[in-house]
Amino acid sequence: MMYFSRLKTAVILGVCLLGLLLCVPNLMPAPVSWLPWRQVHLGLDLRGGSYLLLEVDMKAVIKERLDGLLDGVRQALRPGQIFYRTLEAQPDQNRILLRLRDPARTADAMAALQPLTASSVGASTPDLDLASNPDGTITLTLSPVALSARATSAVQQSIEIVRRRIDETGVVDPQIAQQGEGRIVVQLPGIEDPNRVKQLLGKTAHMTFRLVDETANPAGNGPPPPGDDYLPMQDNPAQKLAVRKRVDVDGADLTDARAGTNPQTNEWVVNFTFNTVGGRKFADITRANVNHRFAIVLDDKVISAPVIREPITGGRGQISGNFTAASANDLAVLLRAGALPAPLTVVEERSVGPELGADSIRAGAISLAVGFLLVVAFMAVFYGLFGWFANVCLLVNLILMLALMSLLEATLTLPGMAGILLTLGMAVDANILINERVREEQKNGRPPLAALEHGFTRAYSTIFDSNATAFLAHVMLFAFGSGPVRGFAVTITVGIVTTLFTAWMCTRLLVSRWYVATRPRLLPV
Amino acid sequence: MFIKPRVRLVPDNTKIRFMRGRFMGLAVSAVLSIASVVLFFHPGLNLGIDFSGGVIMQVRTEGPADFNQIRAALAAEHIPEQGVQRFGDASEVLIRLGAQPGENGTQQAVARVRTALEKSVPGAKIVRTDAVGASVSKELFRNGLLALGISLLMILVYIWFRFEWQFAVGAVVTLILDVTKAIGFLAITRIEFDLVMVASILTIVGYSTNDKVVVYDRVRENLRKYKTMPLRDLIDLSINETLNRTLGTSMTVFLASLPLALFGGESISGFAWVMLFGIVVGTSSSIFIAAPILLLLGEHRLRRDAAAPPPKPATGKARPATPP
Chain C
76 MMYFSRLKTA VILGVCLLGL LLCVPNLMPA PVSWLPWRQV HLGLDLRGGS YLLLEVDMKA
136 VIKERLDGLL DGVRQALRPG QIFYRTLEAQ PDQNRILLRL RDPARTADAM AALQPLTASS
196 VGASTPDLDL ASNPDGTITL TLSPVALSAR ATSAVQQSIE IVRRRIDETG VVDPQIAQQG
256 EGRIVVQLPG IEDPNRVKQL LGKTAHMTFR LVDETANPAG NGPPPPGDDY LPMQDNPAQK
316 LAVRKRVDVD GADLTDARAG TNPQTNEWVV NFTFNTVGGR KFADITRANV NHRFAIVLDD
376 KVISAPVIRE PITGGRGQIS GNFTAASAND LAVLLRAGAL PAPLTVVEER SVGPELGADS
436 IRAGAISLAV GFLLVVAFMA VFYGLFGWFA NVCLLVNLIL MLALMSLLEA TLTLPGMAGI
496 LLTLGMAVDA NILINERVRE EQKNGRPPLA ALEHGFTRAY STIFDSNATA FLAHVMLFAF
556 GSGPVRGFAV TITVGIVTTL FTAWMCTRLL VSRWYVATRP RLLPV
Chain Y
15 MFIKPRVRLV PDNTKIRFMR GRFMGLAVSA VLSIASVVLF FHPGLNLGID FSGGVIMQVR
75 TEGPADFNQI RAALAAEHIP EQGVQRFGDA SEVLIRLGAQ PGENGTQQAV ARVRTALEKS
135 VPGAKIVRTD AVGASVSKEL FRNGLLALGI SLLMILVYIW FRFEWQFAVG AVVTLILDVT
195 KAIGFLAITR IEFDLVMVAS ILTIVGYSTN DKVVVYDRVR ENLRKYKTMP LRDLIDLSIN
255 ETLNRTLGTS MTVFLASLPL ALFGGESISG FAWVMLFGIV VGTSSSIFIA APILLLLGEH
315 RLRRDAAAPP PKPATGKARP ATPP
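If you're matching them up, the sequences are chains C and Y in order. As numbered in this note's numbering, residues 76 to 600 make up the first sequence, in order. As numbered in this note's numbering, residues 15 to 338 make up the second sequence, in order.
1. Buried or exposed: residue 314 (chain Y), going by 16 or more other Cβ atoms within 10 Å of its Cβ?
2. Given a limit of 8 angstroms on CB to CB distance, which residues of the stretch 135-146 of chain Y reach chain C?
3. Residues in the same chain with beta-carbon distance under 6 angstroms from residue 180 (chain C), minus the five sequence neighbours each way, listed in chain order, please.
4. Thinking residue 328 (chain C) and residue 350 (chain C) are a contact (beta carbons under 8 angstroms), I'd like their distance in whole angstroms, please.
5. Closer than 8 angstroms between beta carbons: that is the criterion. Which residues of the stretch 562-591 of chain C meet it against chain Y?
6. Is it buried or exposed for residue 334 (chain C), if we count other Cβ within 10 angstroms and need 16 for buried?
7. Mapping the DSSP letters down to three states, classify residue 308 (chain C) as helix, strand or coil.
8. Contact criterion: CB-CB distance below 8 angstroms. Does residue 29 (chain Y) meet it with respect to chain C?
9. Could you give the residue range of the alpha helix (DSSP H) that holds residue 230 (chain Y)?
10. I need the DSSP call for residue 131 (chain C), collapsed to helix, strand or coil.
11. My understanding is that residue 369 (chain C) touches residue 316 (chain C), with C-beta atoms under 8 angstroms, so please give their C-beta distance in whole angstroms.
12. Give the straight-line distance between the Cα atoms of residue 75 (chain Y) and residue 395 (chain C), rounded to the nearest whole angstrom.
13. Which residues in chain C sit within 7 angstroms of residue 129 (chain Y), going by Cβ to Cβ distance?
14. What three-state label does DSSP hand residue 599 (chain C) in the structure shown?
15. So what's residue 324 (chain C) in DSSP terms, helix, strand or just coil?
16. Check for me: the alpha helix (DSSP H) holding residue 490 (chain C) runs from which residue to which?
17. Please confirm whether residue 318 (chain C) and residue 288 (chain C) have their CB atoms less than 8 angstroms apart.
18. According to the neighbour-count rule (16 or more other Cβ atoms, all chains shown, within 10 Å of its Cβ), is residue 209 (chain C) buried or exposed?
19. For residue 354 (chain C), which option in C:269, C:237 and C:324 has the closest C-alpha, if you only look at C-alpha atoms?
20. Taking the C-alpha atoms as reference points, what is the distance between residue 167 (chain C) and residue 88 (chain Y)?
21. What is the DSSP secondary structure of residue 272 (chain Y), counted as helix, strand or coil?
22. Using a Cβ-Cβ cut-off of less than 8 angstroms, list which residues of the stretch 175-203 of chain Y approach chain C; keep chain order.
23. Does the beta carbon of residue 273 (chain Y) come closer than 8 angstroms to any beta carbon on chain C?
24. Excluding sequence positions up to five away, which residues of its chain have a Cβ less than 7 angstroms from the Cβ of residue 97 (chain C)?
25. Spell out whether any CB of chain Y is found under 8 angstroms from the CB atom of residue 504 (chain C).
26. Indicate whether at least one CB of chain Y lies closer than 8 angstroms to the CB of residue 360 (chain C).
27. Buried or exposed: where does residue 88 (chain C) fall if 16 or more other Cβ atoms within 10 Å of its Cβ makes it buried?
28. Report yes if the CB atom of residue 279 (chain C) is closer than 8 angstroms to the CB atom of residue 417 (chain C), and no otherwise.
29. Under the three-state reduction of DSSP, which class applies to residue 203 (chain C): helix, strand or coil?
30. Given that a residue counts as buried once 16 or more other Cβ atoms are within 10 Å of its Cβ, and exposed if not, what is residue 523 (chain C)?
31. How about residue 78 (chain C): is its C-beta nearer than 8 angstroms to some C-beta of chain Y?
32. So with Cβ pairs under 8 angstroms, would you call residue 257 (chain C) a contact of chain Y?
33. Out of C:497, C:138, C:203 and C:527, which one is the CA nearest neighbour of residue 290 (chain Y)?
34. What does the alpha-carbon distance come out to for the pair residue 151 (chain Y) and residue 65 (chain Y)?
35. Identify the contact partners of residue 251 (chain Y) in chain C, using a Cβ-Cβ distance below 9 angstroms as the criterion.
36. Report yes or no: is there a C-beta of chain Y within less than 8 angstroms of the C-beta of residue 557 (chain C)?
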């Protein structure tokens, strides 16, 4: 028990040395790029920054899919001249409801709609359930598989778009990740006021180019004619414009968008470029509709509705609409990054200014230093030499904790600093157990070496038991906690692992070396 | 100080008859815990925004803050604040808004407070914003309780596995008594109950178990060593033997937490005070609660187990019997 082979001694010292080396990356930048240079990250509560939790609006995703289907149903029923009384999307039930004018034609309608159910690309199961009900209605229901596939792709796509938009703002080192089913975590180090980011993420930025229906009168009270939408103007929401539902060119066909000024009017504008497909479509539309108005619609608001003076064939265009430099630039960013598949809502925000973070670091460091000194003093006063053995191990423990956290690239938060401090307090627990045990064994008349042997062995099973329970509790906290609290769980669990090592290996090695060197007749415990 | 320890925390060979006070200890603990449960329902916990939803904004002003000015600024914008209070320093203000209707409501409230302060309180700087929507706060609350519940369960299973069941039940009953008292402490002090507090309570649970394990370990060892000693005396002996250790480790954790409470800053000091309270409760419950429960549950069974030849632990796999 108290004997250490050369190899074992070397391994223990090696681990300590390795620990020391692993701490180095926290103190200086990497000298050469090929070295693995892992370090502890500071949490946003310490370095300052913003944490945003975004929720993807799944209802909108479903609604959009159903609206798309409505068109498909209309087109499928037209050739057979199957007329219907009602055709509506019911997003709450994930389905489309169809009521035919002539119930006798249900079978025809079912046959006509059949191809729609196989429309999904590459899917083995149909993503739509087509059913005729006893009450004479026909329903097209999205299957659960299709719903979850759509939700997954909506989140994935949103993450990509969010990343692009945030990159445009020049935030350094943003972290964007999926959380749970339909949520996205965005972490923005150094951003104290995430307002601009929130504004950029608050728009889906779905842009469409559509023709204006000049015959309709949106000022009237009646509903819009079929095939039209009454959309508000961006500048003046009270004023509405009749816009065709049919989308002629989609914002997805844009390849570039830049803010600029119009040299004639000195107004801020957004210049855009279409890809080949978009350019061709745009050319066709403008050629066929000279002297008519077309509307540029962003998220169901009309930005502007200019009159087409001449065909635009170059695949380039310009949006004007009372922009300021900032709003033109924002729109350009949104168009370049692409549209979100569904609106995002901020459901949680935590922002900390860098000065508050610095205050927290200072407070944490002071507490850590004072706590360390108090514990060291306690051990020295009550356990003398064996207390100093414990104190040396406490220092090793601290180094190993930092090393392990660097290796894991863990995040250090303010609660995490509290966790380190608590670990220090609990780590000497192991030494107290050992010391008390050794003392007892010696009192019971064992010679020094035997007292050490027994003391260590018996204390260790207690140490293991008591740490195992704490370990379990904090693994749970890590699993269910979030944010800074996870930082706490990480430091405590890492601390428990290092404590087991230092108590078992380092203390024993120190004591055995000391024993071999001095051969005392009585242990000073 | 450098070689021989000068002082002992507790003199050796104490022979305090702890088990004499077992009913007293259990009664006091039960009363305190019942009072805590009452406090939990009335006035209830001061839920932090993690769990209640809402907005907290910490504002730093130039010079001492003028609370009336800030209140007026918010009132002018018709922002229904739930509190404008000092937060540590005289120049630090905490503005609190209740849960807002709808997920967008929370975000709009943040923006409105920001503009109100910019307009009417020059020099004020928002250094921290926490805004939690209703759905997230519900989830956080559920997950917090889940973490707490599963931890207790795992500790029960672990101790059951390593010791006899009487030990496991004793430990978990004591832990529940400890946790309720910590909650009572939170209710009285009005320290905000948030995620960090869940961490604090879990740490108390871990620490307190740790403490119990040491006493129980000694009880188990003595059960094998002194086959004929009455359980009551045996538990007393075990507590006395481990008294230095029980108090010593409590002292070190206490000393480590104290600077956090004193210098850790407003946002962590609540955590530290709860820890300090929990250490005191956990230590005393190891002696006055966990051991008496073991005595009540094990008076006949544990002795018979130990007396039955061959002396084999009930779990069968705990560890080799201690050498004489």
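Beta carbons: idealized from backbone N, C-alpha and C, even for Gly. Since the structure is predicted, the reported quantities are computational estimates derived from the model, not experimental observations.
Put simply:
1. By the neighbour-count criterion, in which 16 or more other beta carbons inside 10 Å mark a residue as buried, residue 314 (chain Y) falls on the exposed side.
2. Listed by position, the residues of the stretch 135-146 of chain Y near chain C (Cβ gap below 8 angstroms) are 139, 140, 141, 142, 143, 144, 145 and 146.
3. 157.
4. Contact holds; Cβ gap of about 5 angstroms.
5. Here the close residues are 563, 564 and 567.
6. With 16 or more Cβ atoms within 10 Å of its Cβ, residue 334 (chain C) is classed as buried.
7. If DSSP states are grouped into helix, strand and coil, residue 308 (chain C) belongs with the strands.
8. No, because no Cβ of chain C sits closer than 8 angstroms to the Cβ of residue 29 (chain Y).
9. Per DSSP, residue 230 (chain Y) belongs to the alpha helix (DSSP H) from 209-239.
10. Reduced to three states, the DSSP call for residue 131 (chain C) is strand.
11. Residue 369 (chain C) to residue 316 (chain C), Cβ: 11 angstroms. No contact.
12. Answer to the nearest angstrom: the Cα atoms are 42 angstroms apart.
13. The contacting residues do not exist; residue 129 (chain Y) stays about 10 angstroms from chain C at best.
14. DSSP places residue 599 (chain C) in coil when its eight states are reduced to three.
15. Residue 324 (chain C): strand per DSSP, three-state reduction.
16. Residues 489-518.
17. In this structure, residue 318 (chain C) places its C-beta atom within 8 angstroms of the C-beta atom of residue 288 (chain C).
18. Residue 209 (chain C) should be labelled exposed.
19. The candidate whose alpha carbon is nearest that of residue 354 (chain C) is C:324.
20. Near 39 angstroms, if we compare the C-alpha coordinates of residue 88 (chain Y) and residue 167 (chain C).
21. Of the three classes helix, strand and coil, the one that applies to residue 272 (chain Y) here is helix, per DSSP.
22. Listed by position, the residues of the stretch 175-203 of chain Y near chain C (Cβ gap below 8 angstroms) are 176.
23. The C-beta of residue 273 (chain Y) comes closer than 8 angstroms to at least one C-beta of chain C.
24. Listed in chain order, the non-local C-beta contacts of residue 97 (chain C) below 7 angstroms within the same chain comprise 478, 481 and 482, local neighbours out to five positions each way being set aside.
25. Yes - at least one Cβ of chain Y is within 8 angstroms of the one on residue 504 (chain C).
26. No, no contact with chain Y.
27. It counts as exposed.
28. Yes, the pair counts as a contact, with Cβ atoms nearer than the cut-off.
29. Here residue 203 (chain C) sits in strand by DSSP.
30. That one is buried.
31. Cβ-Cβ to chain Y under 8 angstroms: no for residue 78 (chain C).
32. Judged by the 8 angstroms Cβ criterion, residue 257 (chain C) is not in contact with chain Y.
33. Looking from the CA of residue 290 (chain Y), the closest CA among C:497, C:138, C:203 and C:527 belongs to C:497.
34. Taking the straight line joining both Cα atoms gives about 5 angstroms.
35. Near residue 251 (chain Y) there are no residues of chain C at all, since even the closest Cβ is about 12 angstroms away, more than 9 angstroms.
36. With 8 angstroms as the cut-off, residue 557 (chain C) counts as an interface residue toward chain Y.
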